[in-house]
Every structure is written in structure tokens, then in C-alpha cells.
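Working notes, structure below.
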Amino acid sequence: MDSHPDSKSISAASKRGLFVWDVATARLRFHVVSLRAHHAFGGVWSPDGDLIACATDDRYVRLFDSDNGRLAREFEVVPLRSRGEQSKRNPQGNDVRGVSWSPDGRYLVCGTDAGPVVLDTNKGAASEILKGATRVISALWSPDGEFIACTTYGSSAYVWSAQGGFLRYAFDSDYGPALAWSPDSRYLAFAGDRAVCIVDIRHDKMSHMIEGHLRPLRGLSFSSNGKLLASREGTKGQTRQRTRTLLWSTESWKQVAQIDEMSSWYLYAPLAFAPTAPLLATTGNGDEEVHVWDLSGVLRARPKPQSFYKNAKVALLGDSGVGKSGLGLVLSGKDFAATESTHGRRIWSIESKRVKGSSGKSEIRELLLWDLAGQPGYRLIHQLHLEDVSLALILFDARSELDPFAGVRHWHRALSQAKKSKYSVGSTTELLVAARVDRGPVGVSRTRVEAVMRELGVVDFVETSAKDGIGVGRLSKVMKKAVDWDSVPTVTSNTQEKQSGRILVTMDELVRGFSQTSGSVKKTTENFRDVFSTCIGRLQALGLVRRFTFGDLVLLQPEILDAYASSIIFAAKDEPDGMGSIPEDAVRLCKFVMPEDERVKDRGKERLLLLATIEDLVTHEIALREPANDAQLLVFP
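Under the numbering used here, the residue at position 388 of the sequence shown is numbered 1239, and the numbers go up by one with no gaps.
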């Protein structure tokens, strides 16, 4: 769906064709019935308003005359020679999904299974396919022409430089088409887990996560003056449900209005602001109607009360046996106790308090301490957890007779490598920590420590003893001061818990258990399950639980996946051919060596955990899928 540059007409494309209406009279100007395709996407006006572009599921992008609806030109996007092959692999292989004009009106970008395709309308042919993403749903040019963004069926959002076509960013997102640029091209909005993710492209950081939706997001749009952001939820199903479009002030990122209407039946729930008028168009009544809303009073509305919070991730890093877990205990306010080596990870909340942020808004700030295992078998796995670290405490054994800083350099390299990941946003501050000084003084000179700090860009050095409390108070103060809170995304919302010996449960089991144990909650509350599901999504964002993309299952102990991942890596290393690979089928069936006490006893649940582990390893490019003669291999480069 789109609005004409003069705001006087609205276009929409669907399986019933291309429709264009006059806004003032609600009269249908024309209807292109035959698009020679089952589904059409887009219906997007060219910058001069002369043409309307439609992407279709028969390999083509078609341009129609905006005055009379006649076909002006068409471009074959998916080559005919690959059509049959694609259809066998994927019935959607011929789809061209999502289309957007460049600001100068010369180029179009559209989504295909191969990636975003850039079309030169002057030459009538594809000029390039942007590399790095496949199975694209939405593709969108930034208003300033500098960037191209897309969403994918793989639950990721990507951003390329339009000049040169190189990939700039990749972000975890929700499955769906929701994607929008602010008019000044500073912000990119896309769907997270029932939240709107706002990336500040100018400052290379995720700036906000806006909560409030109870169902997956299906549409996003900024107003032409940039003062409002509209976000629309939707569900795919046979029965229509009442869903919401929420309007947010981009000044405060607070909700200012809500529109209720019947949900769409399909993946897409489009909405579009008019370029020159305070109007918002949405589809309604199961995509049978287009609604136009007058928003002239919305900017005068008072924002609804909302809370803002930020969670900063602090990582305890260091080789096995240097005292990370003991230090983590006392930093989290617990009494010191001797601990065994950590397998996988532990997470503690160090502090949660309300402060006034740099923008003047009151916000809750929480520090979460991640204790990551130091054994060599877990080192590769830690790449899964280092991408969003705000502060790293790198511990070392100062009494080592060899090189006490060998481990420090490894962890610094690991952090640097994680920051190169396409999923990384923001910066990481590093602190150097000598642990267990109660066992003897630091065995290296201050001059040497300072030289290592300069070499690695470490901001401070603290000597500690978790057992005697030496330096713990100072380290706590340095930690809290060292976090760059401006680089941590702000979440707009409210929150909740985990614990029990159970490992894998369904959402229904969690909802029932919570209802039974929380006397203050009314089980009959409208949308109670949706609200609960949203809270689970926030716990997943903190790494405290893991919600699977299949089976409506929740993993209450996600650290178990680390144990499986490390055993898979060991098995790949031990392969006789020395190629660092293992058949994917062997992993799925757990046909590799793993300590029996680390395995989940229920073999059915174990198979689900192995599927999730493979998904993590491949998504974060720790492992690559490579075809072999008789099997598909997981290769660890």
C-alpha cells in the first residue's frame, strides 16, 4: 500500500489486483484485475507520481500508468531458466516480494529468494543482486538514497550501502515484512519479538526497543514529518481477530494513540502515511477494505504513561581456574563460596535502579553479569554471547610463571571478532582484573600491566580477592562507571522471572503455572496469554530463557545448548580426516561423544535441543553447511 506524492490517491496491491482510490471521495479510480499472477505486492508510486510499481509471484515487476492503470513496462526479475529448479526446492521461488523506488526514480529494489535485486528502469534489466541475504520479504530504499534495507524469512534485517552494494549491518529481527525508514534516513524501524526495534544509522547503534504489541508486528510507517511512527500487529489464520495499530511519538518514543480494527488474514498488514496530509491508511476487515484515518489531533494528545529501561551485559572472561565464578558471586551481592569450573554460563543481576538518562527521561538501568566458561572447549561457543557485551571484565592469573597475559590477549581478540559480526551493534569497554590476590601479590610489574592496557585499549586495572573482599568495592564502582549507557538500547515497557528444575516446557504449561502461583493475576484478563508471551520474549532478550521457533516451546535453561555445542565442536575436531567437520545427521541424532551427565535424559527433548543448537551455530556462522557426497556436513572454519 502507498500514497500518491500529493496525498490525493491511495494504491494497494493484492491477489485481487491493483486498486487505486481517490482519497477525498473514496471513489475507486481504477482496478487492474489481471496482473497475470496470483499474488501482488507493493503498489508503490514513483517519486514523480507517474507510475505505480507492483511485484508479483510470477517473476516480474510491472509498472502501471498512474492515470489509467495501463501496463507501461515490465521487468523479469527471476530468470526463466531457474524457475523450474526453484519451484522444486521452494514453491515461493518465483515470488518477487516488496518493491521500492530510489529517490531519483531511476532504480527499483525488490525482494527475491536470491536476495534484494536492484533494477535499472532506464535499461529495463537487473543491475545487481545484493549479497548477504536470501529469501527477502521487504526491500526498502532510504529517503536519502544512501542505503537499502530488507527483512527476510530467516528472521533478520539487513542494511547495504546503495553505492557499491556492500553489507553494512545485520540485525536479529522477527519474521515478517515490517520495515520503515524515518524521513531523514536517520532511523530504521523493524520488528523484534513483538517489539519495534529502532536503529540509529547515524550513530551505528540500536537506540530503542518499543514494547506494547501483544502479537507479531506486520507493518511499520513513519509520518512524512517524522513526528509519528505507526506500528501494526497481525496474525495469519482462518479467523479474524481484533488487532491494533499503535502510534508513537518519535520525540519521546511514547504511545500517543491506538487504532483497533479486524486483523488481516495474511502475513502482510500494510499501512502508509500520506506525504502531505495528516492521514494514515490501513487495510481492514480481513484485507477487504482500506481505512483512512485522520490523525490531525494525535500530535496534541498526551502520551500514555510508560517506563523506560536499559539492560547492560557485563561479561566475566578468563581462562578456567582464574576465579571468575567466585568473583561473580560477590559482585552480585552473595557471600563468597568455593566454586567448581563453570560449564556453559551463569547469569546474575548485579544492580537495578532508576536514574535520569542523558535525554532527561527517567529510566531503569540493570546490570547483568554473565560468567562464561573458560575451558578451551567453550571458547568458540562464546562467540554466540559476546556480540552485545557492553563491558568485559578480563581476569588473569598474575602469578603465572609463563605469560600471564596470554589468556587476556585471547579474550581481547574474541571480543574484537564478535564486534565484527554482522549482528553486533554498539561498543565494548574492557577492564583488566587480577583475581585471587589473597594468594600472593601480583607477579608482574605495574609498567608491564600498563603496557598491555595500552596495547589492547583496556581502560582500567583492578586487583581483587573475592574471598577476602579486596578490591571488590572498587571494581564494582569502576564497572558501573565504565558502562556506556548511551550505547545501550532503551526499551519502552514493563517486565518478570525464571526457576525450577524443568528444562523444556510449552507456553501453555508456563501460562497455567503462572496463573496458579500468582494470586494477583486474573486468569480471565483479556489477552492474558499474549501479555505473558510478550514477557517471555523480554526474558529471552536477556538470555534467561530461549523460545524456540517451533513447537511453541520455551527452554528454561538455555545454557544447556552451550554444552551440546561444545561437544559438537570437539567431535568435529576429532574427525579422522582432520577437516573440522561432522555430518549434520549425526548431530541431529546425537551420534557424537558427549558426557552422559551433561545430556538431557529425555531423548525426544534432546532432539529438539540439537535442532536449536544447529540453528545457533549456523546463524552465527560458527559452522557452515556444506554438501558432501552422501551427507550434508557442518564445517567449523
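Quick reminder that beta carbons are idealized off the backbone N, C-alpha and C, glycines included.
Note that the C-beta distance between S989 and G949 is below 8 Å. For C1001, the secondary structure class from DSSP, reduced to helix, strand or coil, is strand.
Contact check for T1315 against A1285 passes: the beta carbons are separated by less than 8 Å. In summary, A1123 is buried, with 16 or more beta-carbon neighbours lying within 10 Å of its beta-carbon over all protein chains present.
Counting of Cβ neighbours within 10 angstroms places F1017 among the exposed residues, the total staying below 16.
A1224 is bridged by DSSP to nothing; it lacks a bridge partner.
At least 8 Å separates the beta-carbon of L1218 from that of L1167.
Within the same chain, and ignoring the five residues on either side of V1181 in sequence, the residues whose Cβ sits closer than 8 Å to its Cβ are F1187, A1317, G1320 and V1323. In this chain, K1207 is not harboured by any alpha helix (DSSP H); it is covered by the beta strand (DSSP E) spanning R1196 to K1207.
By the neighbour-count criterion, in which 16 or more other beta carbons inside 10 Å mark a residue as buried, H890 falls on the buried side. Straight-line measurement puts the Cα of P1434 at about 11 Å from the Cα of N1480. Residue state for M1445 is assigned as coil, using DSSP reduced to three classes.
By the Cβ test, the stretch 1053 to 1066 is in contact with the stretch 1091 to 1107, since at least three Cβ pairs between them sit closer than 8 Å.
Nearest neighbour of V969 by Cα position, chosen from I861, D1413 and E927, turns out to be E927.
If you compare the alpha carbons of V1309, P1340, L1407 and E1281 with that of L1355, the shortest gap goes to L1407. For R1297, the closest of F1312, R1290, G1291 and D1448 by C-alpha to C-alpha distance is F1312. DSSP, read as helix, strand or coil, puts W992 in strand. The beta-carbon separation of V1334 and S1203, rounded to 13 Å, does not stay under the 8 Å limit for a contact.
The residue among L1283, S1278 and Y1229 with its C-alpha nearest the C-alpha of P1255 is L1283.
Going by beta carbons, M852 and T1134 fall inside the 8 Å limit.
In the structure shown, L1395 adopts coil according to DSSP, grouped into three states. Residues V1313 and T1315 of the same chain have their beta carbon placed closer than 6 Å to that of L1326, with the five preceding and five following residues left out of the count. A straight line joining the alpha-carbon of F1383 with that of R1397 spans about 15 Å. The Cβ atoms of T1470 and A1416 lie no closer than 8 Å to each other. In the three-state reduction of the DSSP assignment, F1187 falls in the coil class, being assigned neither a helical nor a strand state.
For D1145, the secondary structure class from DSSP, reduced to helix, strand or coil, is strand. In the DSSP assignment, F1421 falls within the alpha helix (DSSP H) that extends over I1411 to K1424. Here the C-alpha atom of A977 lies approximately 21 Å from the C-alpha atom of D901. L1130 has its alpha-carbon roughly 10 Å from the corresponding atom of S1075. Close CB contacts of V1047 within its chain, under the 6 Å cut and outside five residues either way in sequence, are with A1040, I1061 and S1082 (chain order). S862: member of the beta strand (DSSP E) spanning S860 to S865, first to last residue. Among the bridge pairs identified by DSSP, A1042 is matched with V1047. The residue from R1476, I1201, L1246 and V1451 with its alpha-carbon nearest to that of V1293 is L1246. For A1000 against L959, the beta-carbon gap comes to about 15 Å, at or over 8 Å, which does not count as contact. Closest in C-alpha terms to S1036, from the list R1458, K1161, R1380 and E997, comes E997.
Shown here, T1280 sits in a strand according to DSSP, grouped into three states.
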